[in-house]
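In the working numbering, each residue carries its 1-based index in the sequence shown increased by 700. Note that beta-carbon positions come from the ideal geometry of N, C-alpha and C, so glycine has one too.
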Amino acid sequence: MLKLKWTRPTMDEWQKDILAVVGHLILICGRQTGKTEIIAYLESLYVLNTPNAHLLIVSGVERQAGGLYRKMLAYIEDNHPKALTRGDQRPMRTVFHLENGSVVRTEPLGNMGSGARQHTVTRIVFEEMQLIPEDAYSAITPMLLTTGGDIHMLGTAWATEGYAYERESDEDFTVARIDSEKVAELRPEPQRTIMLKHLERERKRMSEAEYAQEYLAIPSEKMRQIFSDKLIKKLQVLKRRELIIKDRRHSCGVDPAGLGEDEGAITILDTEDNDNVKQVDFIITKKLLTTETTDKIISLDKRYDFGNIYVDDGGVGFGVYSELMANDDTRIKTIPLNNAQRSISKDDTKRKRILKEDLYMNLLKMMERGKIQLLDDPEIRESLKSCKFEYQEKSKKLLITSSYNHPVESLTRAAWDAEGKHLNLKVYSIPV
701 MLKLKWTRPT MDEWQKDILA VVGHLILICG RQTGKTEIIA YLESLYVLNT PNAHLLIVSG
761 VERQAGGLYR KMLAYIEDNH PKALTRGDQR PMRTVFHLEN GSVVRTEPLG NMGSGARQHT
821 VTRIVFEEMQ LIPEDAYSAI TPMLLTTGGD IHMLGTAWAT EGYAYERESD EDFTVARIDS
881 EKVAELRPEP QRTIMLKHLE RERKRMSEAE YAQEYLAIPS EKMRQIFSDK LIKKLQVLKR
941 RELIIKDRRH SCGVDPAGLG EDEGAITILD TEDNDNVKQV DFIITKKLLT TETTDKIISL
1001 DKRYDFGNIY VDDGGVGFGV YSELMANDDT RIKTIPLNNA QRSISKDDTK RKRILKEDLY
1061 MNLLKMMERG KIQLLDDPEI RESLKSCKFE YQEKSKKLLI TSSYNHPVES LTRAAWDAEG
1121 KHLNLKVYSI PV
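Structure, rendered in C-alpha cells:
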C-alpha cells in the first residue's frame, strides 16, 4: 500500500478517525479545523491505492473544488511523482491521471449539475456542500449507480432542510461534526493560543446563531437563505452581450476589495426599463490597488457612459470614491451609498445598517417580481446562495451575512439604480 507524508507537525485525532471511514461520509466542520488538508490526504490515498478509480470533485464554483484538487496533486507529486502519467495525459488544470488507471477531475456545477453529470465515477466529493444548488444533487448522484461508489460531503453547518441536512440522519452515512473550539484546545502551542484568540474575536463579532454555524458545526433555524435556489435558477438565464447598446441607460455597482483581500467586484446593469433590468457584465477584480480599481471603472465608463456609479465609500472604498469624484467625467454620476439620504436616522451607524437592508430587500423584491434577469455565472450563483439573514429578537435587528459577498454587494448597488435613479441622487463638488 502506498503511503503519504503528512504535511503538518501533528495529525488531530478527529483527522485520524476520518481516515478510517469506509463508505459515504458527511463532514461538517467549523472554520480553521484542517478539513481540506485531511480530505486531500484521504482522497490521495484512495486514488493511489485503488486501480481505475474515478474521483470527481464538484462545487458551486471551480475556485472551491480547485483548492482541494491542487492539494491532492501536490501530495502525489511530492510523495509519488512516478505515479502520475505524463505526455498527452500529463496533469492539467482540472484533471490528472495515474499510472494505475485512476483519474481525478474537478468541475463546477450549474444550477442543475449539468457541468459534471456526464461522467461515471467511483467517488464524488461535494466541496462546500452548503453552497451547492439542491437540484444538482439529484442530477449528479445517479453517476454512482453503476459503480456502487461513495459520496463524500464537506462543508460548514447550513440549514435545517435540504439534501445535505437529510443525509445527517441517513444511516448509510458516517457523520462527523468538528467543533473549531475543541480542535483549538487540543492543538500544540503557540497554535492553540492563536486559534483561541481568533475564535474569541469571532464570537464577539458574530451573532450566536452565525457563530454556531461557522465554528461549532451546528445548523440554526434562525439563519435563513435570502435568495432561494429556485429564484436564483429562474433568473440566471443571460449570457454576456457581445456589443454595448449605446442608447440605453447602464448602471455600475462597485464593491472594492477590502484591506488584505484579493477580490472585489463590479456589476453592470441595463436599467433603461425599471421593470426589465438586465445584467450585462460582471467583473471580479483581483489584487488591484485602489487606483487600479478606479482606472478600471473610468475605462468602463468611457465605453458605457453610466447613468450612475454606485460605490460603498466606507473603509477602502473611500479611496475609490474620492478618485472618481476627482475625475471630471465620473464626478457628477458617482453616488456614495453610505451617505445617500435614504434612511430615517442621522446616525451614521444606523444609516449604514438600514441602507444595507434597503439594498438587499430591493434586489430581492426585483427578483421576486421578475423585474431583473441575471448572468448565468457560477460566482454570482454562489454569492447569492451564500446570503443569509437572521432576525435578532433582543436588538430587533435584521442581520445579513454572506461567506462570499463581493458579487452580490456589487449587484445590490447597481440594482439600486432602478429604485433610486428617479430620486435624482447626485453628488457635486464645488472648487474653492
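query, result
"Are three or more beta carbon pairs between the region 1014–1023 and the region 1111–1120 nearer than 8 Å?", "no"
"Which class does Q913 belong to by DSSP, given the choice of helix, strand or coil?", "helix"
"Assuming the contact rule is C-beta atoms closer than 8 Å, V980 and D970 should be a hit. Round their C-beta distance to whole Å, please.", "5 Å"
"K1071: which of A753, N974 and K716 sits nearest, CA to CA?", "N974"
"Secondary structure at S1043, three-state DSSP: helix, strand or coil?", "Because the pLDDT at S1043 is just 44, under 50, the model does not fix this residue reliably, and the point stays unresolved."
"If you count every other CB in all the chains shown that lies within 10 Å of the CB of D1029, and 16 or more means buried, which is it?", "exposed"
"Where does G1017 land, buried or exposed, given buried means 16+ other C-beta within 10 angstroms?", "buried"
"Cα-Cα, which of R892, V803 and I832 is closest to N749?", "V803"
"Could you check where the alpha helix (DSSP H) with M895 kicks off and where it finishes?", "Q891 to R905"
"Could you tell me which residues DSSP pairs with Y1091 in its beta bridges?", "L1098"
"Between which residues of its own chain and E777 is the CB-CB distance below 7 Å, once the five residues before and five after are set aside?", "L784"
"For I1080, which of L931, P842, I840 and D872 has the nearest alpha-carbon?", "L931"
"Compare the C-beta of L1037 with all C-beta atoms of chain B and state if any pair is closer than 8 Å.", "Any reference to chain B falls outside this structure, which holds one protein chain only."
"Look at the Cβ atom of T874, then the Cβ atom of H724, and state whether they are nearer than 8 Å.", "yes"
"Within the continuous beta strand (DSSP E) that includes K986, where are the two ends?", "V977 to K986"
"With C-beta atoms as the reference, is A876 less than 8 Å away from I739?", "no"
"Report the three-state DSSP secondary structure of R1031 (helix, strand or coil).", "helix"
"Which residues does DSSP list as the beta-bridge partners of G953?", "T967 and Y1010"
"To which residues does DSSP link T806 through a beta bridge?", "I757"
"How is the beta strand (DSSP E) around F1018 delimited, first residue to last?", "Looking at the DSSP string, F1018 is not in any beta strand (DSSP E); the run it does join, the alpha helix (DSSP H), is G1017 to M1025."
"Spell out a yes or no on whether the region 822–835 and the region 848–861 are touching, meaning 3 or more CB-CB pairs, one atom from each, closer than 8 Å.", "yes"
"Please say whether I878 and A912 have beta carbons closer to each other than 8 Å?", "no"
"So, do the region 978–995 and the region 928–945 have three or more beta carbon pairs nearer to each other than 8 Å?", "yes"
"So the candidates are S1110, K1088 and P956; which of them puts its Cα closest to the Cα of A909?", "K1088"
"In chain order, which alpha helix (DSSP H) runs of at least 4 residues are fully inside the region 822–885?", "834–840 and 863–867"
"With 16 other CB atoms within 10 Å as the buried threshold, where does A884 fall?", "buried"
"Rounded to the nearest angstrom, what separates D1005 and R867 at their Cα positions?", "50 Å"
"Alpha carbon to alpha carbon, how far is L1099 from T1112? Give it in angstroms, no decimals.", "16 Å"
"Have a look at M895, T990, P833 and M1066 and flag the residue whose alpha-carbon is nearest the alpha-carbon of V761.", "P833"
"Could you tell me the distance, in whole angstroms, from the CA atom of P842 to the CA atom of D995?", "48 Å"
"Grouping DSSP H, G and I as helix and E and B as strand, with all else coil, what is L1000?", "helix"
"Keeping to the same chain, check which residues put their C-beta closer than 8 Å to that of L1037; ignore five residues upstream and five downstream.", "Y1010, V1011, D1012, D1013, L1055, L1059, R1113 and W1116"
"Please classify I894 as buried or exposed, where buried requires at least 16 other C-beta atoms within 10 Å of its C-beta.", "exposed"
"For H1106, tell me which candidate among P956, Q1092 and P1078 has the shortest Cα-Cα distance.", "P956"
"If you run the structure through DSSP and keep just helix, strand and coil, what is V1108?", "helix"
"D947 to L1074, Cα distance in whole Å?", "21 Å"
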